[in-house]
Each structure stands twice: as structure tokens, then as C-alpha cells.
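Structure first, then comments.
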Amino acid sequence: MATAETSLDPSDPSGPFESGQTSAGRASEHIESFSYDDDISRKFAVATIVWGLIATIAGLVVALLLVLPKAFVGLEWLTFGRLRPLHTNAAIFAFAGNGIFAAIYYSTQRLCKARMWSDVLSRLHFWGWQLIIVAAAVTLPLGITQSREYAELEWPIDLAIAVVWLGFFGVNFFMTLIKRRERHLYVALWFYIATIVTVTVLHVFNNLVVPIAAFKSYSVYAGVQDAFMQWWYGHNAVAFFLTTPFLGLMYYFLPKAANRPVFSYKLSILHFWSLVFIYIWAGPHHLHYTALPEWASSLGMLFSVMLWMPSWGGMINGLLTLRGAWQKVAVDPVLKFFVVGVTFYGMSTFEGPMLSVKSVNALSHYTDWTIAHVHSGALGWNGMMTFGMLYWLAPRLFQTKLWSVKAATLHFWISTIGILMYIVPIYIAGLTQGLMWRAMDETGQLVYPDFVETISSIAPMWWLRVVGGALFVAGVVLMVVNYFMTWLSRPSTYEVPVYQAPRLAKQADYREPAEVSEAIKDAPMLEAAKKLDTWSRMGWHRRWERLPVRFTILVTLAVVIASLFEIIPTFLIRSNVPTIATVQPYTPLELAGRDIFVSEGCYNCHSQMIRPMVAETKRYGEYSKPGEFVYDHPFQWGSRRIGPDLAREGGKQSNLWHWLHLEDPQSVNEASVMPSYVHLLDTAIDFEKISDRVWAAHMLGAEYDEELTNAPEIARKQAELVAADIVSQGGPIKRGELMTYDTQAVALIAYLQRIGTDIFATPEADDSAETDGPAPGEVPEDVDAIPEVAAGQADPQSDATG
1 MATAETSLDP SDPSGPFESG QTSAGRASEH IESFSYDDDI SRKFAVATIV WGLIATIAGL
61 VVALLLVLPK AFVGLEWLTF GRLRPLHTNA AIFAFAGNGI FAAIYYSTQR LCKARMWSDV
121 LSRLHFWGWQ LIIVAAAVTL PLGITQSREY AELEWPIDLA IAVVWLGFFG VNFFMTLIKR
181 RERHLYVALW FYIATIVTVT VLHVFNNLVV PIAAFKSYSV YAGVQDAFMQ WWYGHNAVAF
241 FLTTPFLGLM YYFLPKAANR PVFSYKLSIL HFWSLVFIYI WAGPHHLHYT ALPEWASSLG
301 MLFSVMLWMP SWGGMINGLL TLRGAWQKVA VDPVLKFFVV GVTFYGMSTF EGPMLSVKSV
361 NALSHYTDWT IAHVHSGALG WNGMMTFGML YWLAPRLFQT KLWSVKAATL HFWISTIGIL
421 MYIVPIYIAG LTQGLMWRAM DETGQLVYPD FVETISSIAP MWWLRVVGGA LFVAGVVLMV
481 VNYFMTWLSR PSTYEVPVYQ APRLAKQADY REPAEVSEAI KDAPMLEAAK KLDTWSRMGW
541 HRRWERLPVR FTILVTLAVV IASLFEIIPT FLIRSNVPTI ATVQPYTPLE LAGRDIFVSE
601 GCYNCHSQMI RPMVAETKRY GEYSKPGEFV YDHPFQWGSR RIGPDLAREG GKQSNLWHWL
661 HLEDPQSVNE ASVMPSYVHL LDTAIDFEKI SDRVWAAHML GAEYDEELTN APEIARKQAE
721 LVAADIVSQG GPIKRGELMT YDTQAVALIA YLQRIGTDIF ATPEADDSAE TDGPAPGEVP
781 EDVDAIPEVA AGQADPQSDA TG
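In terms of UniProt numbering, the sequence shown has 414 at position 414, counting the first letter as 1, and numbering is strictly consecutive.
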């Protein structure tokens with residue numbers, strides 16, 4: 001029988017090392033016996049590896065689709081727009097998520113000297129999470145999506161996430177803290193608390209929707225507010241799902257692997273609270289130069305820049321923990337993974353604040369630079385830390401030696417080279433895109449007016465990324481083999497050690513001694529200076545570490561108050577979204593077409609946001625206004641331009657051009673990387689279901705009248721007009737047995753022809769209309785085409801959406 005005595009006294013923050021010492025304030029003569037539930041950690045570890053392989057293979061396929069756009073013609077569930085969300089969700093929630101849970105379940109039990117509060121909740125958490133991932137893997141390729149980055153899953157799955165995350169995982173974790181046998185909460189637990197609390201807040205408030213069907217809903221937010229909420233969520237999902245739990249992992253597993261204490265307890269306090277207070281404010285920097293109010297994006301930039309120093313404090317704390325153990329790094333693959341992982345954390349947390357600066361963001365936004373930045377963090381920080389943890393856990397979970405240390409070392413080198421071969425070409429591609437898009441000659445004209453020129457120029461970089469991604473996948477395959485062979489050598493029955501430790505004594509109001517340091521006790525100095533010295537020795541924080549409920553409340557208050565300071569002004573100040581008199585709700589057919597646009601994941605390649613920059617207005621037309629998006633549930637501003645912006649797409653091309661472009665983009669422009677959407681030409685519209693969409697839009701503020709009672713007939717009439725125009729220009733009357741006016745393609749074309757045209761319509765007399773656009777009926781000089789389309793007027797060789 002073992003004695004579970006772990007010294008975690010933060011005054012000597014040695015990390016989770018076994019010792020004969022007991023923590024202060026744990027006096028109790030009642031000795032309890034217990035064992036740890038390592039089976040749940042084994043389950044999550046294996047799931048991490050399996051989903052990691054699936055996520056990386058999906059990523060490789062997505063990368064290939066950019067250079068081989070015709071690879072899966074006719075298979076609509078394998079298009080880029082549908083597979084990219086599958087890849088990101090698998091990487092974040094399946095691979096990283098399961099890795100987080102493996103780490104938390106293993107470390108929390110040992111840091112608390114207590115088995116998880118409920119084995120049943122642990123199993124419900126595990127199987128519930130895997131079912132959520134499977135549901136995502138099924139629905140996303142089927143086009144069932146909210147089309148909001150990192151929050152694509154529809155409302156039934158979102159409800160399941162809330163139940164599993166908070167009801168199973170959260171309750172189990174916090175009850176374990178309450179029933180713990182170790183007085184102090186070690187630093188890793190602080191980061192776990194922040195993760196659970198903040199992800200709950202983010203998930204609930206970002207996913208408020210109006211359901212209209214079993215797997216279809218509209219966000220309650222629209223346009224500017226929806227964009228703000230999405231990037232409040234999106235940025236902080238990275239912060240509190242891909243950063244804080246991995247920092248907790250770092251603070252536990254890195255000292256264990258190096259057999260060294262954490263470098264600085266005080267630095268860990270500064271690191272933690274700085275991230276909790278600052279991170280939540282930084283989301284709006286993703287929306288620089290958009291229709292979001294400038295004060296909001298500027299505030300996001302300010303707090304993003306402030307994040308640099310505390311983030312590097314965490315990196316330094318991690319790397320200096322290895323002081324005196326660098327010779328071990330040379331031979332231990334686990335430490336190799338950890339060192340590279342922490343280094344990538346430092347790189348990402350420097351680059352992130354840099355990209356938040358407006359002048360830098362003006363160049364980088366919508367380019368592949370962002371993709372390189374994201375993968376630097378996801379592969380370098382999350383991936384390498386997860387691999388290191390899994391290799392450290394393998395012999396302990398399976399109670400046998402790791403099958404091959406050499407294979408683990410080979411995995412490290414393959415992954416490191418693969419990451420570099422992936423991100424370096426994409427950094428180059430991103431810079432190339434940004435510079436080409438804004439390049440103008442001495443006469444003030446665009447040097448590269450055809451968008452597809454940028455695609456052709458970076459295609460070689462995309463091929464190099466495929467090579468780097470293939471190397472990373474090969475490393476994961478090597479790990480799968482290593483783990484499987486280690487599992488085969490496990491004992492027939494796992495040993496379950498029984499530990500003993502005293503029950504934690506209840507102390508209503510424990511306080512650390514507030515004595516002045518002997519060095520300055522009798523020194524001739526101000527009393528305030530002596531109090532500052534006492535405060536700097538962190539006794540007040542050690543008291544917080546003994547009070548998990550109070551600690552959790554403080555974290556919650558920090559997150560909620562910061563969020564409200566941003567959200568409330570954005571929603572309540574009317575001037576943030578000035579009214580435009582000519583902006584009207586979508587017609588029933590256009591609403592159906594917009595849903596198809598959402599379902600196909602078009603936001604993954606196209607933005608709908610023209611920034612107020614000369615090069616952009618020259619290329620696309622009048623810059624976007626906040627009032628244009630009041631009926632957009634959800635917003636479709638996008639974050640990447642593989643194809644051109646569509647904010648002023650309405651009227652640029654004929655209906656026939658769009659029909660041909662959906663059928664075979666390369667027949668319109670051979671350099672296009674857009675996949676074929678021929679299935680939209682062969683799939684019928686369900687006109688009867690349009691009524692549900694119209695009623696939902698009406699509930700959310702769209703002013704409908706006749707549309708509420710006669711939506712299907714109104715939609716049919718508009719579809720017939722669009723189809724008649726296609727036929728008059730030489731298009732088909734029908735495809736097979738399906739008439740052209742019955743196809744989903746016609747609905748999508750109707751939506752595309754509507755985008756961005758309302759501000760050019762003749763407004764009714766209304767002083768509230770924005771006046772910084774063109775005069776009524778006037779087309780600004782930098783708009784590429786008049787919104788109204790004349791049959792046959794568009795250039796069939798111009799690739800506006802490729």
C-alpha cells in the first residue's frame with residue numbers, strides 16, 4: 001500500500017513530486033485509502049491518437065483539394081467548403097480535446113490526492129464526447145452547419161456539448177476539487193478551472209439560436225453583432241481551449257518529465273491572472289477595418305498587444321524549468337517534444353499580438369499568413385505538447401515499457417521538419433497574396449486586377465504545404481504503431497495501487513502569516529513599503545489556492561465582467577449600426593439561396609467584407625457598411641480569400657455565367673481552384689420548407705407581410721424569372737427530369753445576384769440612411785459593374801468567384 005504524499009507547497013513550488021511532507025493546514029488524523037482511475041485516462045489517450053490520425057489525414061485531403069480541385073467531382077460531401085470545417089473540428093475538439101481530457105483526468109487525481117468524484121460521470125463524459133465528434137463527422141460533410149468558424153455544429157450537437165462539458169466533465173472536476181485531500185491547488189489546476197469556466201460562458205452565449213428544424217437554426221445575432229460575438233468566441237476558444245489547458249499540461253507534465261521544480265511560482269501567478277484578465281478582451285482584433293465599430297477593434301488590438309509579455313512569461317517559466325536538465329533533453333524524446341512545443345507557444349504568442357496591430361493586419365488579413373499562424377500554434381504548440389504528454393503517459397498507463405524510444409525520437413524529427421515545411425511556404429504565400437492584392441501602379445490602377453493571378457502565383461507553395469503535411473501525418477502514423485505495440489505488451493491485468501492520505505481538515509478562514517521579512521523588519525523605511533514586501537510574498541494568493549469555490553468565482557467574474565464591457569456597448573449603442581433605408585430583407589428564394597451558400601461552406605473561401613482601402617475598393621467596389629448586414633443570420637464575412645470577395649457580387653455577372661461557373665468553374669477560368677457544384681444543378685429545391693425559414697427570419701426582425709403566408713409561391717415566381725433569363729441566354733431548360741427553375745442552383749444564383757446591391761437602390765426619403773455611399777441611383781466610380789444585370793452583358797471568361 002502506497003502513501004500518497006505530494007508536496008505542493010507553493011512557497012517552494014517544486015511541482016508534483018512525491019515526498020514525505022504534508023501540506024500546511026491539512027491536519028487530520030483520519031487516514032483514508034483510495035486509488036486512481038487510470039482507465040479513464042487510457043481511454044482518452046487512445047481516443048486522442050485515433051482522432052489525431054483522422055484529423056491530420058482530413059487536413060492533408062483539404063490541402064490537396066486546393067491544388068487538385070477536381071479530385072472529388074460529383075461527391076458534394078467531399079468539397080473543400082464542407083471538409084475544411086470537419087478538419088478544424090476534428091483537430092480542435094477531437095484531437096486536442098481528447099488530449100486535454102487525458103491530461104486533466106490523470107493530473108487532477110494526483111494533484112488532489114483523490115479519485116475523480118464519479119466514475120459514472122467520467123464514462124458519460126468520455127462516451128458523450130466521442131458521440132459528439134461522430135455527430136460532427138457525419139453532419140459537416142452533409143452540409144449541416146451554422147457556418148461560424150469553430151462553432152459550425154448545429155443546435156442539437158451544441159446542446160449535447162453543453163451537457164457533456166458542464167454537466168458531466170465540469171461537475172466531476174469541481175466535485176473532485178471539493179473532495180480533495182491536498183490543501184493547495186497547484187498551478188495546473190488554476191488553468192483547468194479557467195478553461196472549464198470560460199469555455200462554458202463562450203459556448204452558451206455564442207450559440208444562442210432560433211431552431212427551425214431538427215438540424216437547422218439561425219443565430220439570434222445578425223451582421224455586426226454576430227461577427228463580434230463570433231470572434232469573441234473564436235479568439236477565446238483558442239485562448240481557453242487550445243491555450244490554458246495546455247499550459248496546465250505544461251505546468252504538470254514538464255516538471256515531471258524533467259524531474260525539476262517549476263522555475264518561478266510568482267511568475268506562474270502573473271502568467272495565469274494576466275491571461276484571464278486580458279485574453280477575453282482581445283477578440284475584436286480579428287475584425288480590423290471591417291464594419292465593426294473602430295473603438296471595438298482598437299480595444300481588441302490594445303489588449304492583444306498587452307498579451308505578449310505575460311505569454312512570454314509563461315514560455316520562460318516553462319523553458320527555465322529545464323535548467324540543469326538540458327543534457328536530458330538530448331536523449332529523451334518526451335522533453336524534445338515539450339521544448340519544441342513551448343518554443344512554438346512563444347512564437348505564436350509573439351506573432352498573435354503583432355498580427356493584431358492594424359497596419360500589419362491590413363496586409364495579413366484574409367491571406368494564408370493567418371493559416372500559417374494558426375498551424376504554427378496548432379501543430380507546434382498543441383500537437384507537440386500532446387505528443388510529449390502521450391509518450392510520457394504510455395508506460396505509466398499501460399504499465400510496461402514504451403515499445404520504441406527510437407521510433408518516438410524519429411516521430412519528433414519527422415514532425416518538426418513537417419511543421420516547418422508546412423508553415424514556411426504558407427507564410428511566403430500569405431505575404432505574396434497581401435502584397436499582390438494591394439499592388440498599384442503609378443497611375444493608381446491595380447497591378448494584378450484579376451484575382452486568380454494571386455492563386456496561380458502561390459500554387460507551388462500549396463504543393464510544398466502538402467509535402468509538409470504528409471510528413472506530419474507520417475509522424476502520427478508512427479506514433480499509432482508505437483502506442484499499439486506498447487499496448488500489446490501490457491500485463492494481462494493492470495495493477496491498481498491503493499494509496500493512503502489524511503482527510504482534508506475543514507478550515508473556514510485560513511490565513512498565511514503576514515510577517516515582515518527579517519531583512520527589512522527594522523530597516524528605516526516607510527510602512528507602506530513593508531506592506532508591499534509582505535504582499536509581494538503572495539500569502540494572499542496562497543489563501544486563494546486553498547479555496548477552490550472562491551478561486552472559481554474570481555475567475556468567472558474576471559471573464560464575465562470583461563465580456564460585458566465589450567458586448568453591452570456593441571449591442572446598445574445604435575450608432576454602431578446606422579440604418580440604411582434601402583436595405584431590405586431577403587426574398588424567400590434568396591433566403592433559401594443564402595442557406596445553400598451557408599451549407600456549402602462558401603465562407604471558407606470567400607469573404608463578404610470590403611475594407612475601406614483604396615486597393616480593395618478598386619478591386620471590388622464600395623466598401624461595406626454596418627447597416628448592410630442587419631438581416632444576415634449568420635454573418636458571412638469570412639476570414640480567408642481563396643476566391644475573391646463577394647460583398648458586391650450582385651450584378652457583376654449574368655445568371656448564365658453563374659450557372660456555368662457552378663457546373664464547371666475551370667470551364668470559365670482554367671486557373672480557378674473552386675470545386676464543381678454540379679450537384680446543385682441536379683438537386684431540387686424544397687419550396688414548401690421555405691416558409692419555415694421566412695417565419696424564423698421574421699422572428700429575428702425581418703419585415704415580411706405577404707411572404708409569411710405565400711412564401712413558396714413567391715419563391716417559385718422568382719425562380720422562374722431567374723431560370724427564364726438563363727434559358728434566354730442559351731442555358732438549359734432542364735437537366736434530366738429536373739426543370740431549371742426547380743434547382744438549388746437557381747436559388748443560390750438569386751442570392752448571389754442580391755449581395756451588396758441594396759445600397760444602390762433608390763431609397764425612400766429617410767434621414768437615417770447612411771450618406772457616405774453613392775447618391776440615390778448613382779453608381780460610385782470604383783464599383784466594377786451596375787447592380788442590375790442585362791442579359792448576356794457579363795464577360796464569360798471573367799472569374800469573379802473562382
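Ideal Cβ positions, reconstructed from N, Cα and C, are used throughout, including at glycine.
Measure the alpha-carbon distance for residue i versus residue j and round it to whole angstroms.
i, j, result
"ARG716", "ASP742", "8 Å"
"THR443", "TRP295", "34 Å"
"TYR483", "PRO449", "52 Å"
"THR48", "GLY99", "5 Å"
"SER23", "GLY248", "Only weak support is given to the placement of SER23: the predicted model assigns it a pLDDT of 42, under 50, and the question is left unresolved by the model."
"VAL498", "ARG115", "11 Å"
"ILE196", "TYR105", "13 Å"
"VAL209", "TRP129", "22 Å"
"ILE417", "SER41", "30 Å"
"LEU292", "ILE458", "30 Å"
"GLN666", "TYR279", "44 Å"
"PHE228", "THR570", "8 Å"
"ARG181", "ARG546", "11 Å"
"VAL357", "LEU478", "40 Å"
"TRP544", "PHE565", "26 Å"
"GLY324", "ALA257", "13 Å"
"PHE173", "THR108", "8 Å"
"ALA90", "GLY52", "8 Å"
"MET613", "ILE759", "19 Å"
"TRP540", "ILE269", "12 Å"
"ILE92", "ARG183", "33 Å"
"GLY170", "PHE272", "20 Å"
"PRO585", "TYR221", "15 Å"
"TRP77", "PRO141", "5 Å"
"ALA394", "ALA55", "21 Å"
"ASN361", "PRO211", "35 Å"
Taking the CB atoms as reference points, tell me whether residue i and residue j lie closer together than 8 Å.
i, j, result
"PRO588", "GLU688", "no"
"PHE551", "ILE193", "yes"
"SER639", "GLY143", "no"
"GLY283", "TYR150", "no"
"LEU752", "GLU649", "yes"
"ALA702", "LEU738", "no"
"GLY312", "LEU299", "Note that residue 312 corresponds to Trp in the displayed sequence, not to Gly. No, they are not a contact pair."
"TRP637", "THR290", "yes"
Got a sec? Which residues, its chain only, sit under 8 Å from residue i by beta carbon, not counting five neighbours each side?
i, result
"LEU131", "ALA160"
"HIS37", "It is Asp, not His, that sits at residue 37 in the sequence shown. TYR105, GLN109, ARG115, MET116, ASP119 and SER122."
"THR200", "ALA162, TRP165, LEU166 and GLY170"
What are the partner residues of residue i, as DSSP defines its beta bridges?
i, result
"TYR366", "ARG640"
"ALA684", "THR743"
"MET385", "Beta-bridge pairing links MET385 to no other residue."
"MET440", "LEU446"
Note down, in chain order, each residue of its chain lying with its Cβ closer than 7 Å to the Cβ of residue i, except the 5 sequence neighbours on either side.
i, result
"ALA671", "VAL452, ILE455 and SER456"
"ALA162", "HIS203 and VAL204"
"PHE168", "LEU121, LEU124, HIS125 and GLY128"
"GLY730", "LEU656"
"ASN317", "VAL262, PHE263, SER264, LEU267, SER268 and HIS271"
Near residue i, what residues of its chain come up, given a Cβ to Cβ distance below 6 Å and the 5 sequence neighbours on each side ignored?
i, result
"ILE428", "MET461"
"LEU83", "VAL62"
"PHE101", "PHE44"
"ILE423", "ALA372, HIS375 and SER376"
"THR343", "none"
Quick one: which unbroken alpha helix (DSSP H) runs of 4-plus residues sit fully inside the region 179-261? Chain order, please.
The alpha helix (DSSP H) runs of length 4 or more contained entirely in the region 179-261 are, from start to end of the chain, 187-206, 223-241 and 244-258.
Only counting runs of 4 or more residues, tell me where the alpha helix (DSSP H) segments fall wholly within the region 718-754, in order along the chain.
The qualifying runs are 744-754.
Length at least 4, wholly inside the region 99-181: the alpha helix (DSSP H) runs in chain order
Complete alpha helix (DSSP H) runs here, min 4: 119-139, 155-162 and 171-178.
Counting only runs of 4+ residues fully inside the region 282-311, write out the alpha helix (DSSP H) ranges in chain order.
Counting only runs of 4 or more, we get 294-306.
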